[in-house]
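This report concerns only the one structure given below.
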Ligand code: NOJ
């Protein structure tokens, strides 16, 4: 059996650890808190978790500024806690992906501190430096920081200023100080990053979501060097851990999967997928999933089909309902029926669905001041609302690290018949159990305007899926057999009759 067979019916749940559940009452979420909520995640039907970074960090970019790749930040607990999480998750049939940030570190990372020293040492080439403070560390789209270090040079920045770019070299150096990406001087860094992956895989994680995976080699316009670098690193790591799963933040699946060798790439709100992704959920009243919209699914389906065809059966597209970077949250600007339709869409496409914590209970964006370098994203990272108690059941602390917002809780949704939470659970279960909904099963789009109608087939099963994103009352001439799940729609002979936003998933 394919070692990664489980991915075909996988449903992932993304957790921002600061805000999921605070077990020790200090106001911040922690690993122990995630362990205590594993039954909730398993009950939701998810068999995969992606954890945003929880490594030692000054948190000037939500932990994407790593100061020690091999240690859990004390804010969240210990390495032992994380290993226990892997084990407890596994007992419930859940695999855990960590967040790997290979493109940059925090400027407090010991490697950077050594690299910034005036005297040459073994870390001097770990980061990209210009030869003196009067020269920029040039490269396509690179920004630099100058005058901050004892070293006479400027360092290249991969994202924020305190995230110096690790040095995987240049595909086409244009200056004598730029190191060609295949130069042996760069191998020690590669070995370190491979070592980080092996370290956590050895402790029981299932793989990694890889941050800014396209960013490694500089001046690499067609990304061929970056892709080759990934293939080489994968062959080292997969040699030892063949079952390890890698999902990239690249937003260009043909390249990330087809060329770089990732198992999956996210279809996201930037890069090659941007217009198609944004058209679905995040264009306010113009979104496809919006009451009164035209239901213009064509931009999404056209891009998706084209990209899927280019994957060549090597891996999959991962489709998130939202994530810690997306503003606003999925439920913003939508009523419950429309959000349910969005979940039906996410759960029935040949793409691996990723649900962002709290979206399953309709949590909304909160306008907040920036914390931990979140800027406007901070409002999409607030504490999970568990119940009607103190701090919505997130924490016993007098004050929580991020403020708890308003809205329904998981407990009240649980008690309310027909709530979004019940729908998400039913859809995730369906996704996990119906062979025709597997990511590898076929998709045939029958209608891409107004109501999306498509056929999924595989494993001896054929299903008709219809998703109404806008609430229009319409009758459509599609015949189907037994309905497996539906809301806002009934089957009347040869007709699908929608009375509201919703979905129909039926056998044919
Ligand atoms: C993408 C991450 O998702 C985001 O949160 C972070 O700020 C940047 N990469 C930089 O690591």
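In the numbering used here, the protein residues as written are 1 to 508. Each residue gets a CB set at the ideal place from its N, CA and C atoms; glycine is no exception. Every value quoted in this text rests on a predicted model; they were computed, and no experiment measured them.
Residue ranges of uninterrupted beta strand (DSSP E) with 3 or more members, entirely inside the segment 322 to 386 and ordered along the chain, are 352 to 356.
Rounded to whole angstroms, the separation of the alpha carbons of residue 444 and residue 343 is 19 Å. Look at residue 159: its beta carbon is less than 6 Å from one of the heavy atoms in ligand 1.
In the structure shown, residue 422 adopts helical secondary structure according to DSSP, grouped into three states.
Residue 212 has its CB nearer than 6 Å to a heavy atom of ligand 1. Taking the Cβ of residue 64 as the reference point, at least one heavy atom of ligand 1 falls within a distance shorter than 6 Å. Non-local C-beta neighbours of residue 367 in its own chain, meaning closer than 8 Å and more than five positions away in sequence, comprise 379, ordered along the chain. In this structure, ligand 1 has no non-hydrogen atom nearer than 6 Å to the beta-carbon of residue 265. For residue 489, the uninterrupted beta strand (DSSP E) segment begins and ends at 483 to 492. The straight-line gap separating the alpha-carbon atoms of residue 505 and residue 496 is approximately 11 Å.
As DSSP reads the structure, residue 505 sits in a beta bridge with 465 and 485.
Three or more pairs of CB atoms, one per stretch, sit closer than 8 Å, so the segment 314 to 332 contacts the segment 265 to 282. In terms of Cα proximity to residue 457, the closest of 465, 96 and 209 is 465.
Taken atom to atom, the span from the alpha-carbon of residue 216 to that of residue 48 is near 27 Å. The three-state reading of DSSP puts residue 30 in coil, since its state is none of H, G, I, E or B. The segment 351 to 363 and the segment 395 to 410 touch, with no fewer than 3 CB-CB distances between them shorter than 8 Å. Sorting 317, 375, 158 and 337 by C-alpha distance to the C-alpha of residue 349 places 317 at the top.
Not one heavy atom of ligand 1 sits closer than 6 Å to the Cβ of residue 372.
DSSP, read as helix, strand or coil, puts residue 402 in coil.
Remark: the C-beta of residue 99 is outside contact range of ligand 1, defined as less than 6 Å to any heavy atom.
Pairing residue 256 with residue 375, the inter-Cα distance amounts to about 28 Å. Contact annotation: residue 245 and residue 292 have beta-carbon atoms that are not nearer than 7 Å. Unbroken beta strand (DSSP E) stretches of 3 residues or longer found wholly inside the segment 11 to 71: 12 to 15 and 48 to 51, given in chain order. For ligand 1, no non-hydrogen atom lies closer than 6 Å to the CB of residue 183.
In this structure, the CA atom of residue 473 is about 30 Å from the CA atom of residue 439. Apart from the 5 residues on each side of it in sequence, residue 392 sits with its Cβ closer than 7 Å to the Cβ of 383, 385, 386, 404 and 409 in its chain, given in chain order.
In chain order, 11, 347 and 437 place their CB closer than 6 Å to the CB of residue 431, counting only its own chain and leaving out the 5 sequence neighbours on each side.
Of the candidates 189, 121 and 130, the residue whose Cα lies closest to the Cα of residue 176 is 130. Minimum Cα-Cα distance from residue 271 among the listed residues 260, 251 and 90 corresponds to 251. Runs of the alpha helix (DSSP H) lying entirely within the segment 238 to 284 and spanning at least 4 residues, in chain order: 274 to 281. Relative to ligand 1, the beta carbon of residue 252 is positioned no closer than 6 Å to any heavy atom. For residue 107, the shortest separation between its Cβ and any heavy atom of ligand 1 does not lie below 6 Å. Not one heavy atom of ligand 1 is found less than 6 Å from the C-beta of residue 73.
Remark: the shortest separation between the CB of residue 61 and any heavy atom of ligand 1 falls under 6 Å. With three or more CB-CB distances shorter than 8 Å, the segment 100 to 117 counts as touching the segment 162 to 171.
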